[in-house]
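Peer 1: When we follow this note's numbering, the leftmost residue of the sequence shown carries the number 608, and every step to the right adds one. Note that CB positions come from ideal geometry on N, CA and C, so glycine has one too. Being a predicted model, the structure only gives us computed values, none of them experimental. The structure's right below; bear with me while I get my questions together.
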Amino acid sequence: MASTAPQTTAQTLPTEWRDFFTLTKPRVMTLVIFTAICGVLAAPGSIHPVLGFTAILAIAMGAGGSAALNHWWEADIDAGMKRTMNRPLPGGRMRREDARDFGIFLSAVSVGLMGVAIGWLAAALLLGAVIYYAVIYTMWLKPRTPQNIVIGGGAGAFPPLIGWVAVTGEITAMPILLFAIIFFWTPPHFWALALFVKSDYAKVGIPMLPVVAGEKVTRRQIMIYTLLLAPIAVAPWAIGGTSWIYGSCAVVLSALFVVLAMPVFTRTRAEVDAMTPEKALFKFSIVYLFVLFAALVVDRVAAYQGWIA
608 MASTAPQTTA
618 QTLPTEWRDF
628 FTLTKPRVMT
638 LVIFTAICGV
648 LAAPGSIHPV
658 LGFTAILAIA
668 MGAGGSAALN
678 HWWEADIDAG
688 MKRTMNRPLP
698 GGRMRREDAR
708 DFGIFLSAVS
718 VGLMGVAIGW
728 LAAALLLGAV
738 IYYAVIYTMW
748 LKPRTPQNIV
758 IGGGAGAFPP
768 LIGWVAVTGE
778 ITAMPILLFA
788 IIFFWTPPHF
798 WALALFVKSD
808 YAKVGIPMLP
818 VVAGEKVTRR
828 QIMIYTLLLA
838 PIAVAPWAIG
848 GTSWIYGSCA
858 VVLSALFVVL
868 AMPVFTRTRA
878 EVDAMTPEKA
888 LFKFSIVYLF
898 VLFAALVVDR
908 VAAYQGWIA
């Protein structure tokens with residue numbers, strides 16, 4: 608098991624702005640920003656464009672700050688994994704203290720900006736998201752339980768909820784459903800990845816489900832969460848929060864998700880295995896979330912323009 612206490616890594620190469628940018632996990636940030644924007648655009652009512660941009664900026668800064676704290680805490684773990692060993696900290700290009708301070712600074716500024724410019728309910732939710740990811744998931748759940756992804760999935764589910772609240776100032780059924788969609792999407796998305804990078808997690812002692820419970824259990828859990836996700840994805844249409852535009856997209860996309868999850872559920876890894884179904888499911892899961900939330904915005908625009916009743 609990798610040490611949970613931060614250790615100091617010698618700086619061997621000069622730190623530059625690209626390394627600080629890398630700490631924010633820009634690829635993950637893309638999804639965070641996109642779902643937050645969708646939350647803002649799909650919410651009833653309106654927000655001044657400057658305030659809308661400020662809300663998205665604050666969410667992005669909060670996500671980047673918590674990601675930097677994740678880098679700081681997991682530097683030793685990252686050093687032992689092939690896909691993360693060249694990050695700024697294990698690569699020796701940055702002091703751990705600098706990553707920690709950068710993460711705290713971004714997080715604090717993001718919450719303060721959201722509170723002052725938008726409202727303190729949205730700021731409280733943003734603070735909860737930062738603590739959820741940086742402390743509850745990274746420091747507590749991830750090194751201790753194979754259910755880390757299930758419980759920790761809430762961290763990535765906050766952006767559309769916060770975006771919606773930034774516009775409306777209240778929490779209703781619709782933003783809770785948007786939160787739930789990402790929450791239930793996270794396990795099949797991440798466990799599909801974990802199946803084909805299982806050896807990395809085993810090497811550093813992270814108790815991901817495929818490592819501690821085996822692939823058969825993981826495949827079954829992927830199928831279970833995929834089946835749970837489908838009705839939740841359709842629920843915004845079922846409660847009258849969207850029209851058939853979003854509803855039809857949710858039905859088709861969720862059906863495809865189930866179809867792609869089936870071979871992952873039923874197969875057994877061969878001795879020499881390209882893990883093609885698992886990789887296909889992982890890639891589709893990303894497309895799934897982007898298209899689903901884009902359909903939510905299109906639905907809202909169509910209703911606003913009077914194109915649909």
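So leucine 836 packs on valine 824, CB below 8 angstroms; how close in whole Å?
Peer 2: Along the sequence shown, one-based indexing puts residue 836 at 229. Along the sequence shown, one-based indexing puts residue 824 at 217. So it is not a contact: roughly 18 angstroms between Cβ atoms.
Peer 1: Alpha carbon to alpha carbon, what distance is there between methionine 869 and isoleucine 846?
Peer 2: Your numbering for residue 846 matches position 239 in the sequence shown. Your numbering for residue 869 matches position 262 in the sequence shown. Roughly 28 angstroms separates the two Cα atoms.
Peer 1: Check whether the segment 657–665 touches the segment 680–697, taking contact to mean three or more Cβ pairs, one atom from each stretch, closer than 8 angstroms.
Peer 2: No: fewer than three Cβ pairs fall under 8 angstroms.
Peer 1: Going along the chain, which residues of its own chain have a beta-carbon closer than 7 angstroms to the beta-carbon of alanine 612, five neighbours each way excluded?
Peer 2: Locating residue 612 in the sequence shown gives position 5, where the first residue counts as 1. Residue placement at alanine 612 is poorly supported in this model, since its pLDDT is 43, which falls under 50; the coordinates still yield a value, given next. Correct list: empty, nothing qualifies.
Peer 1: Suppose you measure from the CA of glutamine 828 to the CA of proline 795; what does that come to, to the nearest Å?
Peer 2: Mapped onto the sequence shown, residue 828 falls at position 221. Mapped onto the sequence shown, residue 795 falls at position 188. The alpha-carbon atoms of glutamine 828 and proline 795 are separated by roughly 8 angstroms.
Peer 1: Using the Cα positions of aspartate 906 and alanine 862, report the straight-line distance between them to the nearest angstrom.
Peer 2: Here residue 906 is taken as the residue at index 299 of the sequence shown, counted from 1. Here residue 862 is taken as the residue at index 255 of the sequence shown, counted from 1. Cα to Cα, the separation comes out at about 20 angstroms.
Peer 1: Looking only at its chain, what residues have a beta carbon closer than 6 angstroms to the beta carbon of alanine 842, apart from the 5 residues adjacent to it on each side?
Peer 2: For the purposes of this step, residue 842 is taken as residue 235 along the sequence shown, with counting starting at 1. Within the same chain, alanine 842 has close Cβ partners Leu784.
Peer 1: May I have the straight-line CA-CA distance separating valine 737 from tyrosine 911, to the nearest angstrom?
Peer 2: Position 130 of the sequence shown, counting from 1, holds the residue named residue 737. Position 304 of the sequence shown, counting from 1, holds the residue named residue 911. Looking at the two C-alpha atoms, the distance is approximately 33 angstroms.
Peer 1: Here's the rule: buried if 16 or more other CB atoms are within 10 angstroms of the residue's CB, otherwise exposed. What is glutamine 614?
Peer 2: Taking the first residue of the sequence shown as position 1, residue 614 is located at position 7. Confidence at glutamine 614 is low in this model, with a pLDDT of 47, below 50, so its placement is unreliable and no value can be given for it.
Peer 1: For asparagine 677, is the classification buried or exposed, using 16 other Cβ atoms within 10 angstroms of its Cβ as the cut-off for buried?
Peer 2: Translated into positions along the sequence shown, residue 677 becomes position 70. Buried, by the Cβ-count rule.
Peer 1: How far does the alpha helix (DSSP H) with glutamine 912 in it reach, from first residue to last?
Peer 2: As a working note, residue 912 is residue 305 in the sequence shown. Glutamine 912 -> alpha helix (DSSP H) spans 883–912.
Peer 1: For isoleucine 756 and methionine 830, I'd like the C-alpha separation in whole angstroms.
Peer 2: Counted from its first residue, the sequence shown places residue 756 at position 149. Counted from its first residue, the sequence shown places residue 830 at position 223. Straight-line Cα distance between these residues: approximately 15 angstroms.
Peer 1: Any idea what DSSP makes of threonine 616, helix, strand or coil?
Peer 2: Translated into positions along the sequence shown, residue 616 becomes position 9. Unreliable positioning characterises threonine 616 in this predicted model, as indicated by a pLDDT of 43, which lies under 50. A coordinate reading is not provided.
Peer 1: When you compare the segment 639–656 with the segment 765–772, are there three or more beta-carbon pairs, one atom per stretch, that lie closer than 8 angstroms?
Peer 2: A contact exists between the segment 639–656 and the segment 765–772.
Peer 1: Are the segment 688–696 and the segment 745–759 touching, with three or more C-beta to C-beta distances below 8 angstroms?
Peer 2: In short, these stretches do not touch, since the Cβ pair count stays below three.
Peer 1: Report all residues from its chain with a CB closer than 6 angstroms to the CB of glycine 760; omit the five preceding and five following residues, and keep chain order.
Peer 2: By 1-based counting over the sequence shown, the position of residue 760 is 153. Counting only Cβ-Cβ distances below 6 angstroms, and skipping sequence neighbours, we find Phe790 and Thr793.
Peer 1: Measure how close the beta-carbons of arginine 707 and leucine 696 come, nearest whole angstrom, since I'm counting them as under 8 angstroms.
Peer 2: In the sequence shown, counting from the first residue as 1, residue 707 sits at position 100. In the sequence shown, counting from the first residue as 1, residue 696 sits at position 89. At roughly 10 angstroms, the Cβ-Cβ gap does not stay under 8 angstroms, so arginine 707 and leucine 696 are not in contact.
Peer 1: Would you report the Cα separation of threonine 619 and serine 653, rounded to the nearest angstrom?
Peer 2: Indexing the sequence shown from 1 puts residue 619 at position 12. Indexing the sequence shown from 1 puts residue 653 at position 46. Confidence in threonine 619 is poor, its pLDDT being 47 and thus under 50, which makes the residue's placement unreliable; the coordinate value appears in the next sentence. For threonine 619 and serine 653, the distance between alpha carbons rounds to 50 angstroms.
Peer 1: Out of Val898, Gly699 and Ile725, point me to the one whose CA is closest to isoleucine 788's CA.
Peer 2: Walking along the sequence shown from the start, residue 788 turns up at place 181. Ranking the options by Cα distance to isoleucine 788, first place goes to Val898.
Peer 1: From the DSSP output, in three-state form, read off isoleucine 640 for me.
Peer 2: Locating residue 640 in the sequence shown gives position 33, where the first residue counts as 1. Residue state, collapsed to three classes: helix.
Peer 1: Assign serine 610 to buried or exposed, taking buried as 16 or more other Cβ atoms, counted over all protein chains shown, within 10 Å of its Cβ.
Peer 2: In the sequence shown, residue 610 corresponds to position 3, counting from 1. Unreliable positioning characterises serine 610 in this predicted model, as indicated by a pLDDT of 43, which lies under 50. The coordinate reading is nonetheless provided below. With fewer than 16 Cβ atoms within 10 Å of its Cβ, serine 610 is classed as exposed.
Peer 1: Taking the alpha carbon of proline 651 as the point to measure from, which residue in Gly848, Tyr853, Arg874 and Pro633 has its own alpha carbon closest?
Peer 2: As a working note, residue 651 is residue 44 in the sequence shown. Considering only alpha carbons, the answer is Gly848.
Peer 1: Are the beta-carbon atoms of leucine 733 and alanine 665 separated by less than 8 angstroms?
Peer 2: Indexing the sequence shown from 1 puts residue 733 at position 126. Indexing the sequence shown from 1 puts residue 665 at position 58. In contact: leucine 733 and alanine 665 (Cβ atoms closer than 8 angstroms).
Peer 1: On the premise that phenylalanine 900 lies in contact with leucine 867, defined as a C-beta separation below 8 angstroms, what is that separation, rounded to the nearest angstrom?
Peer 2: Numbered from its first residue, the sequence shown carries residue 867 at position 260. Numbered from its first residue, the sequence shown carries residue 900 at position 293. Contact flag wrong, Cβ pair sits at about 19 angstroms.
Peer 1: Counting C-beta neighbours from all protein chains within 10 Å, is the total for arginine 634 16 or more, i.e. buried, or is it exposed?
Peer 2: Position 27 of the sequence shown, counted from the first residue, corresponds to residue 634. Exposed.
Peer 1: To the nearest angstrom, how far is it from the Cα of glycine 672 to the Cα of phenylalanine 627?
Peer 2: Residue mapping note: residue 672 aligns to position 65 of the sequence shown, counting from 1. Residue mapping note: residue 627 aligns to position 20 of the sequence shown, counting from 1. Roughly 10 angstroms between the two C-alpha positions.
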